[in-house]
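If you read the sequence shown in the numbering used here, its first letter stands for residue 2, the second for the next number, and so on.
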Amino acid sequence: MKKTDVIIIGAGPVGLFAVHQLGIKGLKAVVIDNLDKAGGQCIELYPDKPIYDIPAVPECTGEELTKRLLEQIKPFKTEFYLNERVEEVHPEKENWIVKTNNKEEFMAPNIIIAGGVGSFEPRKVSLKECEKFEGKSVFYAVRNKDNFKNKNISIFGGGDSALDWALELSKFSKITLIHRRDEFRGAQHTLSELRKLEKEGKIFIKTSCQIDSIEGEKELKSITIKYDDGKTEKISTDFILGFFGLIMKLGPIAEWGLNMDKKTIEVNPENFETNKKGIFAAGDICSYPGKLKLILSGFHEVALASVECFKRARPNEKYRFEFTTSSRTIQDRLGKK
Ligand SMILES: Cc1cc2nc3c(=O)[nH]c(=O)nc-3n(C[C@H](O)[C@H](O)[C@H](O)COP(=O)(O)OP(=O)(O)OC[C@H]3O[C@@H](n4cnc5c(N)ncnc54)[C@H](O)[C@@H]3O)c2cc1C
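What follows is the structure, encoded as structure tokens:
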């Protein structure tokens with residue numbers, strides 16, 4: 002079990018800035034996110050779109066904002082636990098215990114929930130029989146590409162993830178790329194590369210079709226796809242990779258006994274504490290009178306929550322308000338000479 006001062010759930014912009022606000026107060030945090038990278042909505046939904054309302058940054062994309070936030074918190078050497086969904090939260094004396102779907106456990110006197118609109122989850126293959134192969138032969142992300150070497154792989158999807166993985170895995174496996182439409186959405190150079198590899202017989206492309214059935218008892222053997230005109234085709238398959246995009250699920254957050262208002266958590270706007278002492282909520286997931294779902298509002302919310310976190314994590318110390326420009330202590334924590 003890992004012990005820390007604050008467990009941050011969500012590595013979106015608000016969770017990232019929470020690390021900063023806690024760090025300058027001398028508090029350690031861990032950050033847990035269900036996604037495989039930091040940035041939340043900014044990186045997942047609009048990495049290339051410009052944002053115009055971050056104070057003192059006239060324009061930056063979702064990806065640039067994420068990079069800047071990560072740069073700003075570098076001095077704190079925070080541990081990130083990605084690809085981990087927080088499932089359980091329960092109290093133990095003055096602390097909270099947090100458990101993830103991969104059985105990681107954390108303990109801290111404070112939790113900041115910066116879970117946005119919930120965890121981003123992959124949209125799954127519509128076929129019920131695929132469930133029993135999930136995590137064995139059916140995957141929605143590639144964690145370690147070595148596991149996909151020298152196999153027959155059927156990749157579903159028509160966007161960047163499907164295309165990029167088709168190209169990458171075709172270096173050492175037989176790839177069939179299957180899409181329900183007859184056009185792919187991808188960068189021009191990716192599409193050209195795809196067509197080149199198709200001509201060379203390294204990638205097989207099947208369009209205007211969907212999965213119809215899967216065959217195999219313990220291990221997946223083949224799949225059958227059905228074309229829009231009703232024809233079917235059997236494809237020898239060891240692994241299915243599905244890239245159908247993401248859906249957002251509030252998921253387990255709704256089960257932690259917090260006062261909810263629709264899909265948001267009610268907080269006290271003085272310190273962003275929920276109805277549970279030591280559990281705070283900030284960013285898109287929190288609600289209070291006048292709440293605006295903006296990144297800058299989330300930044301303010303974690304600044305205030307971090308003060309209360311300090312009081313709980315350091316009950317014998319007095320909290321002193323300081324400016325970063327003039328505090329030697331803060332500058333030391335930021336590694337400034
Ligand atoms: C297209 C678009 C354009 C936008 N433009 C602007 C703009 O110009 N200006 C602006 O201020 N705002 C903009 N927004 C809104 C802004 O992106 C959000 O306000 C901001 O992302 C909220 O940040 P957050 O950190 O609270 O949550 P999010 O960015 O949603 O991040 C939450 C993270 O928590 C994770 N999570 C949730 N539950 C769990 C769990 N149980 N376990 C583990 N991880 C979990 C999720 O996977 C996610 O990564 C825009 C939004 C969209 C969709």
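Even glycine gets a Cβ: it sits at the ideal position worked out from N, Cα and C.
Computed from a prediction, not measured in an experiment: that's the story for all the values here.
Check the C-beta distance from residue 81 over to residue 39 and give it rounded, since I have them as a contact under 8 Å.
At roughly 7 Å, the Cβ-Cβ gap stays under 8 Å, so residue 81 and residue 39 are in contact.
Please confirm whether any heavy atom of ligand 1 lies closer than 7 Å to the CB of residue 14.
yes
Under 7 Å: does the beta carbon of residue 331 sit that close to some heavy atom of ligand 1?
No, the beta carbon of residue 331 sits no closer than 7 Å to any heavy atom of ligand 1.
In terms of DSSP beta bridges, what is residue 107 paired with?
3, 99
Which ranges does the beta strand (DSSP E) cover as unbroken runs of at least 3 residues, wholly within the stretch 109 to 190, from first to last along the chain?
111 to 114, 120 to 123, 153 to 157, 175 to 180
The alpha helix (DSSP H) spanning residue 67 covers which residue range?
63 to 73
Measure the alpha-carbon distance for residue 304 versus residue 48 and round it to whole angstroms.
25 Å
Count Cβ pairs between the stretch 17 to 31 and the stretch 306 to 313 that sit closer than 8 Å; are there 3 or more?
At 8 Å Cβ cutoff, the stretches touch.
DSSP three-state label for residue 200, please.
In the three-state reduction of the DSSP assignment, residue 200 falls in the helix class, which pools H, G and I.
Residue 24: first and last residue of the uninterrupted alpha helix (DSSP H) it sits in:
First-last of the alpha helix (DSSP H) with residue 24: 14 to 24.
Assign residue 182 to one of two classes, buried (16 or more other C-beta atoms within 10 Å of its C-beta) or exposed (fewer than that).
That one is exposed.
Residue 282 - partner residues in DSSP beta bridges
114
Give, in chain order, every unbroken run of the alpha helix (DSSP H) that is at least 4 residues long and sits entirely within the stretch 196 to 264.
none
Is there a Cβ of chain B sitting closer than 8 Å to that of residue 172, yes or no?
Chain labels in this structure do not include chain B; a single protein chain is all it has.
For ligand 1, is there a heavy atom less than 7 Å away from the beta-carbon of residue 292?
no
For residue 126 and residue 212, believed in contact at Cβ under 8 Å, the rounded distance
6 Å
Opposite residue 91 in the DSSP bridges: which residues?
Under DSSP, the beta-bridge partners assigned to residue 91 are 98.
Using the rule of at least 16 other Cβ atoms within 10 Å of the residue's Cβ for burial, across every protein chain shown, is residue 143 buried or exposed?
buried
Three or more C-beta pairs below 8 Å linking the stretch 312 to 326 and the stretch 108 to 126
yes
Three-state secondary structure assigned by DSSP to residue 32
strand
State buried or exposed for residue 83, treating a residue as buried only when at least 16 other CB atoms are found within 10 Å of its CB.
exposed
So for residue 273, helix, strand or coil by DSSP?
coil
Going along the chain, which residues of its own chain have a beta-carbon closer than 8 Å to the beta-carbon of residue 329, five neighbours each way excluded?
Exclusion of the five residues before and after residue 329 leaves no residue of its chain whose Cβ lies closer than 8 Å to its Cβ.
Use the C-beta contact count for residue 117: other C-beta atoms within 10 angstroms, 16 or more gives buried, fewer gives exposed.
buried
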